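Protein chains in written order, with my numbering: chain B, 1097 to 1709; chain A, 216 to 391; chain P, 1444 to 1697.
To keep things clear, I will list the structure first and then write my remarks on it.
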Amino acid sequence: MKSLVELKELKEKVQIDLEKTEKKILVCGGTGCVSSGCKEVQEALSSELAANDLEDEYKIVETGCHGFCEKGPLVIVYPEEVFYCKVSPEDTKELVEEQLLKEEVVEKLLYQDPVSKESISSYRDIAFYSAQQQTALANCGHIDPEDIEEYIATGGYEALGKAVTEMEAQEVIDEVKEAGLRGRGGGGFPTGLKWQFTRDAENDTKYIICNADEGDPGAFMDRSILEGDPHKVLEGMIIAGYAIGADKGYIYVRAEYPLAVKRLKKAISQARERGLLGENLFGTDFDFDLHIKAGAGAFVCGEETALIASIEGKRGMPQSRPPYPSQEGLWGKPTNVNNVETYSNISTIITNGADEFSSVGTEDSKGTKVFALAGKINNTGLVEVPMGITMKEIIYDIGGGIPNDKEFKAVQIGGPSGGCLPEEKLDLPIDYDSLTDAGAMMGSGGLVVMDEGTCMVDIARFFLDFTVSESCGKCTPCSEGTQRMLEILERITQGKGKEEDLDELENLGKTITDTSLCGLGKTASNPVLSTLNYFRDEYEAHVNDRTCPAGACKPLIEYHVTDDCSGCTKCVDECPADVISGEKKEKHAIDRTECTKCGVCIDVCPFDAIIKK
Amino acid sequence: MRKIIHVDLDTCMGCHTCELECATAHSKSKDLLTAIQENPLPQHRIRVESVKGINILWQCRHCEDAPCETICPTNAIGRANPESPVVVDDNKCLSCKMCIQVGCPFGVLKEDNADGVVTKCDFCIENLEEGAEPACASGCPTKALKLVSLDELPEDKQEEVGKEIPTVVYKKVSLP
Amino acid sequence: MKVIIDGKDVELQEQKTILKVAEEIGIEIPTLCHHDGLSSYGSCRLCIVEITNNGNTEIDTACTRSVEDGMEIKTATERLTEERKLIAELLLAQAPESEKLKASLSKLGVQESRFEAREDSDCIVCGRCVRACKEEVGAGAITFVGRGYKTKVDTPFSINSDVCIGCTACAEVCPTGAITVEDEEAMRYIRYFNTELELAECAECGKYINPKRMIEKLKKEDFAYYPEENFELCEACRRNKEMNKFADKFLEAK
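Printed below as a string of structure tokens:
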């Protein structure tokens, strides 16, 4: 690529080409849809197209994640833009015959509004999408991630062209600073300032690193961006390279994301072919190239100093900061480390300007944030929302509330480093500082919703168990302290808790937060401390009364047959442990000494006559 | 000006008092009678041996380009400035013993029997800083050992000081 | 550069760690993983201090953090003392039998741990041995194995190391005394690492000296001044050889 003009000419040419093939079928190839069988749907679709001689007319495009994982596999037919969900291979015959040949919508595959029961044919009208505002995800699910031309057609790489040909490096940084973009990996450090530090560090060699070591349980934001729109990440990184004065970058991505790795490799080689990576970009003397480093999946390698150690071929263990990577990073050189989503926001800032970017969001948190909705929520999926939106809007308006008429109990935000927030915090606006003040953190964007059936002690134990096994083992408070906390939590959930345990948990938690070496340790206690803060009564019930109010901790619950039992013997037949006895039409009894508390009897009882208490 | 211990071999009667003084100076108590009861026993870093009828005093020469300093991986051995003696920083020594194996051609380094670190003549550096003589010299009953400035020696003698192996031997031998 | 440590004003010309500066003005901060001869590491967290700068107060380790102009450092607040004690007890439970560790922790008033003692554990994963072996001695025979509280130090695959030179620095720097070395006849055993090495014999007196592998390693390095035959001698024989040379020359001159 020799100039910005050349890029714009290419864009126009590609746009015309794409318009010629405006008849297309987008099949979501995101991780959620792959799990629900989109590959089979895609195969069935292409054979149906072939059977109806439509293969030249319609192009099937496998996109990245479209977001609405709950309703996958998702198929969108263009130019009508009809949105089909939960498509199975068997549905494809009807879909092709009705939609493509007769141009009639297949009603049964449309999304149905759960309240109005209305069928909606455009995804834009579905509440899950209409309440979102997409920047980082703007192209995800809409373009073919393996085709650089489709990215260019959306205006891709124009921001890079603008930056290197029309802006001074310092101007780029000033723009990012003014936009108020903060690190999307969780810490929320101002991105422009980080770039400034790295730019100001004196050294001939500097590096750019993209942290794509996403490891939180239930989080798939970065993965979806890398799989759905890899070029946007590359563009952000190259712009950062220009701004900082680096000519080399690394993308540290987990080896467990093979599709992301594959698409990144393809994107890098396509960018090289087009001269968007390599020497003399846009005819200037700016050179930049990128390399992929596949990580082995250690959660701690998401911590920037551990990540750098890992790229250097060392054991992934964090080091004390300062010196920060912006002063001494990879191979001891100034290094800028940002997360995937952060880089994905850069091109928008450069193209549309800082003012437009910062018009969205709150006073101190600008722009939008991607969240992965998971847990006890109707609309599991990937969403991007403006900062400042309340938790309630995300969970109820976008997420569609809690399934099976259960009560909302808490939401875990920020993954294992975050905290659990109770119902009274649902009106909290989502921004870095208010979340931290509430004892949680923005984190990279995992949002796990819990209902009344979730025991908060058990959930704290679950997240801590994750941290304990992912601690690198370097510093005492994190490696030893978290394990001691876990021992206490295990004791409590088994009904062996002691009165002093709660104070000891708090004591340990505070010391671990204060004294751990890296961010992993400093935030490891958050799930415990936040649940202790907001759900102390549940802890007390476990310790003092030896009961689990949510009925989740097996050692603390017993199964009882109520008087509603009609004596149908269904449970007697189904019990895998053979511990229910009783004659027909007589109330049954459970031998609790042998009962394994598997819950089969509750599931099969037609009269809801078996309860846990 | 750099100082050395000047030895008059003719005056030395091989009484080993310097060894006792050295060990006492490097003991916990710094008192001979108490020091001999310390456990572990304090070690002396100078030795007197009779070889071919001559009483030879043998200790660290504080070489100019000290091999022990070169080999030490943690820079635990070194001198503060060109005029200071070569000393071991106990806190930095890892006791890897590489200096004992190849660091010293004269075999004067040894392992401390208390904490395993390497030990050698430190020229009683505290005394030196106060202008006093090292214990071996101050305690010598016949004054065979004397602390002298390098410029007090004849010129040809000065040149030899600090060389790894003394090549010319005069009646008065210096053990720098 | 001006800093305040425990109320004392200190002026400095060069960059130093807080630990070093405190030591120079006679303030003792407890340490365990720190060793003057090794790179700073910051794993045990005993040397935590409270640092206030530009209005922010944070806790960091004195061994890793360099002083910055305007810092106000407190080394022994109530909060620090309590947290140090807790950390010390976490450490002690990792090596409950270690008298050496107990002696180090006595300054903190910790001789018992509120936590259940770990079974079969005598290592606190301070990494002194790993740093000594890899960074200083240059052998790299041992490293960390496992993660989290299951982390331990070992040779690859826990088998006899073929790169260990048997210098025993690991044992010397170990703060719990977990690593021990036994010399039996011609062999040196570092059983903690399932490692054994052959010792070289002094060419003169036959006494066992350092391990053969260590001598081989040193021979490869550049010691131009060093007579080849000296590698094979114990220090006493080396000394005798030089003393005899000396005596000969002395007699000759006489």
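Note that the Cβ used here is the ideal one computed from N, Cα and C, for glycine as well.
For clarity, every value in this text was computed on a predicted model and none was experimentally measured.
- Contact between M1538(B) and G1374(B) does not hold, since their C-beta atoms are separated by about 36 Å, which reaches or exceeds 8 Å.
- Of the residues assessed, V1101(B) falls on the exposed side of the cut-off, its CB having fewer than 16 other CB atoms within 10 angstroms.
- In this structure, the beta-carbon distance from R1682(P) to F338(A) does not fall below 8 Å.
- Beta-bridge analysis with DSSP links N1496(P) to N1499(P).
- Residue pairing of P1518(B) in beta bridges, as defined by DSSP: A1506(B).
- Contacts with chain B at 8 Å (Cβ-Cβ) do not include E1675(P).
- A distance of 8 Å or more separates the beta carbons of Q1590(B) and P1499(B).
- Judged by beta-carbon spacing, G1495(B) lies within the 8 Å limit of I1473(B), meaning their Cβ atoms are closer than that value.
- Scanning chain A for C-beta atoms nearer than 7 Å to the C-beta of V1580(P) yields P288 and C311, reported in chain order.
- Distance from the CA of C1516(B) to the CA of A1536(B), rounded to the nearest whole angstrom, comes to 7 Å.
- Going by DSSP, M1317(B) is part of the alpha helix (DSSP H) stretching over M1317 to G1324.
- When C-beta distances to chain P are compared with 9 Å, the residues of the region 259-270 of chain A below that value are R262, E264, V266, K267, G268 and I269, in chain order.
- When secondary structure is reduced to three states using DSSP, A238(A) falls in the helix class.
- Boundaries of the alpha helix (DSSP H) harbouring A1405(B): E1400 to I1407, taken from the DSSP string.
- For V317(A), the C-beta contacts it makes with chain P under 9 Å involve I1658, L1661, K1662, E1664, F1666, Y1669, N1673 and F1674, in order along the chain.
- The beta-carbon of T1594(P) is placed less than 8 Å from the nearest beta-carbon of chain B.
- For Y1219(B) against F1179(B), the beta-carbon gap comes to about 4 Å, under 8 Å, which counts as contact.
- Per DSSP, reduced to three states, the secondary structure at D1270(B) is helical.
- Comparing alpha carbon positions, the residue from D1674(B), C1694(B), M1317(B) and S1662(B) closest to E1682(B) is S1662(B).
- Put simply, the backbone Cα of K1116(B) is about 33 Å away from that of F1453(B).
- Taking the beta carbon of D1626(P) as reference, no residue of chain A falls within 9 Å; the closest one sits roughly 12 Å away.
- Remark: three or more beta-carbon pairs, one from each stretch, lie closer than 8 Å, so the region 1466-1485 of chain B and the region 1219-1232 of chain B are flagged as touching.
- Interface annotation, K1570(B): in contact with chain P, CB-CB separation under 8 Å.
- Among the residues of the region 1465-1499 of chain P, those with a Cβ less than 9 Å away from any Cβ of chain A are H1478, D1479, G1480 and L1481, in the order of the chain.
- Contact between K267(A) and L1694(P) holds, with the beta-carbon distance rounding to 7 Å and staying under 8 Å.
- Residues of the region 1381-1414 of chain B that bring their beta carbon within less than 9 Å of a beta carbon in chain P comprise A1394, V1396, R1411 and M1413, in sequence order.
- Under a 10 Å Cβ-count criterion, Q316(A) is classified as buried, with 16 or more other Cβ atoms of the shown protein chains found around its own Cβ.
- Within the region 1382-1462 of chain B, the complete alpha helix (DSSP H) runs of at least 4 residues fall at 1400-1407, 1436-1448 and 1450-1454.
- Contact check for P1241(B) against D1318(B) fails: the beta carbons are separated by 8 Å or more.
- Separation of K1693(B) and D1385(B) (C-alpha to C-alpha, rounded to the nearest whole angstrom) is 57 Å.
- Look at A291(A): its C-beta is under 8 Å from a C-beta on chain P.
- Remark: C-beta atoms of C227(A) and A359(A) approach each other more closely than 8 Å.
- Sequence-ordered contacts of the region 1132-1157 of chain B with chain P are nonexistent [C-beta pairs closer than 9 Å].
- Comparing alpha carbon positions, the residue from E1323(B), T1431(B) and K1505(B) closest to Y1630(B) is K1505(B).
- Taking 8 Å as the cut-off, the beta carbon of K1594(B) is found no closer than this to the beta carbon of Y1655(B).
- When C-beta distances to chain A are compared with 9 Å, the residues of the region 1599-1610 of chain P below that value are I1608 and C1610, in chain order.
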